[in-house]
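To start, the structure under review is shown below, and the notes come after it.
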Amino acid sequence: MNNTKELELQWEIWLPSLHLDVEQLKRQDKAVCKDLTPIQIENSTGKFRGSKTDYMTSLSDCNCRDFAIRRKPCKHMYRLASELGIYKLKNVSSSNTVNLKKRIEEIMPIIESMTDDEQKEFKDIAYYCGNKGDSNGLILSDIELANKYLKLDLVQIVTDRKKIYTLTNYNDLRKLIHDKTIKLPRKKDELIDFIIHNYPDIDLPVNPNKVHIELHQSIEHLGYTIHKRLCKKFPKENPDYFWL
């Protein structure tokens, strides 16, 4: 019996009708996201990165809370079945950085190794950057300040021109084009595309002593959690950063 057939037999303990259940479809929807990329698959067993611990998953079992309570395929099991080629999921996204993501318990000791002032400054950075860029995504920082956090892999420098332009004032974007005879688009998104296409090497609208930074990819999902932890530690401090 070949390996594929063996895997199919393992998966067949779950009746086909079960996968059509509304609650199961919800888990299949969650299974396709890139954060559900397994960090390891060995001998048909998958290892998934969780917020507090890693989950070990087979086609018949998973040590996550969802499976322990329901005893039905969880999102990890659906993703594993998809990765093994025995259950088809639509629009699966993958990431090669899932195993790099740190947990809050891993990152807080690093943050708390800094001075109180540096922690207070980072509290504001974590808030303004948000989770995976769902807030402003990046801030404009003094290079000296940025270097403190770069050394600890707490932030990374943003080089994506489109992202920087998106957070730049429309009128400031227009000023980048010195040729006044050119008719520029009136909509900001169209102006950004125009600049990127026609002026790919134009100087960015940034003070030479400043740099755009965002949370490091290993903690980009923890922005608000870090901010909340530091707010409890420094409850009376007010943020002194600004939105672009």
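Numbering (our numbering), first residue to last: 1 to 244. We put the CB at the ideal spot given by N, CA and C, even for glycine. Since this is a predicted model, take the numbers as computed values, not measurements.
Whole-angstrom distance between residue j and residue i, CA atom to CA atom
| i | j | result |
| --- | --- | --- |
| V211 | T159 | 9 Å |
| L257 | R70 | The structure shown does not extend to residue 257, since the chain is modelled only from 1 to 244, so the question has no answer here. |
| D61 | K123 | 40 Å |
| V22 | D29 | 11 Å |
| P109 | G50 | 19 Å |
| D172 | L204 | 10 Å |
| G85 | T166 | 40 Å |
| I186 | D116 | Checking the displayed sequence, the identity of residue 186 turns out to be Arg instead of Ile. Looking at the two C-alpha atoms, the distance is approximately 45 Å. |
| R161 | I41 | 36 Å |
| T97 | E12 | 32 Å |
| H178 | I202 | 11 Å |
| R245 | T37 | Because the chain in this structure spans residues 1 to 244, residue 245 falls outside the shown range and cannot be described. |
| I111 | I39 | 26 Å |
| M1 | A68 | Reliability fails at M1, whose pLDDT of 43 lies under 50, so the model's placement of it is uncertain and the value that follows must be treated cautiously. Going by the C-alpha atoms only, they are around 31 Å apart. |
| Y128 | L15 | 47 Å |
| M56 | C231 | 34 Å |
| Y224 | G130 | 6 Å |
| F48 | S141 | 35 Å |
| D189 | K52 | 39 Å |
| L184 | E214 | 30 Å |
Contacts around residue i, its chain only, beta-carbon distance under 6 Å, and the 5 residues preceding and following it disregarded
| i | result |
| --- | --- |
| I107 | I219 |
| N207 | none |
| R79 | A31, L36 |
| N91 | V32 |
Expected contact under 8 Å - CB spacing of residue i and residue j to nearest Å
| i | j | result |
| --- | --- | --- |
| I226 | A126 | 4 Å |
| M251 | L89 | This structure leaves residue 251 out entirely; the chain is present only between 1 and 244. |
| Q24 | K72 | 7 Å |
| L154 | H221 | No, L154 and H221 are not in contact; Cβ-Cβ is about 14 Å, not under 8 Å. |
| I143 | N209 | 6 Å |
Residues sharing a beta bridge with residue i, DSSP
| i | result |
| --- | --- |
| D54 | R49 |
| V211 | S141 |
| C62 | T57 |
| I157 | I213 |
| E105 | In DSSP, E105 forms no bridge with anything. |
| E42 | T45 |
CB contact below 8 Å: residue i versus chain B
| i | result |
| --- | --- |
| N43 | Going by chain labels, chain B is absent from the structure shown, which holds only one protein chain. |
Proximal residues to residue i (C-beta, below 7 Å), its chain only, five neighbours per side dropped
| i | result |
| --- | --- |
| D7 | Going by the sequence as given, residue 7 is Leu instead of Asp. Hits under 7 Å: S44, L59, L84, I86. |
| I164 | V158, L204, H212 |
| S93 | V32, C33, K34 |
| D66 | C74 |
| A81 | W11, L59, Y87 |
| D240 | Only weak support exists for where D240 lies, its pLDDT of 49 falling under 50; the value from the coordinates is given anyway. Closer than 7 Å at the Cβ level, and outside the excluded window around D240, lie D124. |
Cut-off 8 Å between Cβ atoms - residues of its own chain near residue i, not counting five sequence neighbours on either side
| i | result |
| --- | --- |
| M114 | F122, K148, L152 |
| T246 | Residue 246 falls outside the range modelled here, since the chain spans only 1 to 244, and no answer is possible. |
| L176 | I195, Y199, I202, D203, P205 |
Any 3 or more C-beta pairs closer than 8 Å across the segment 185 to 202 and the segment 94 to 104: no
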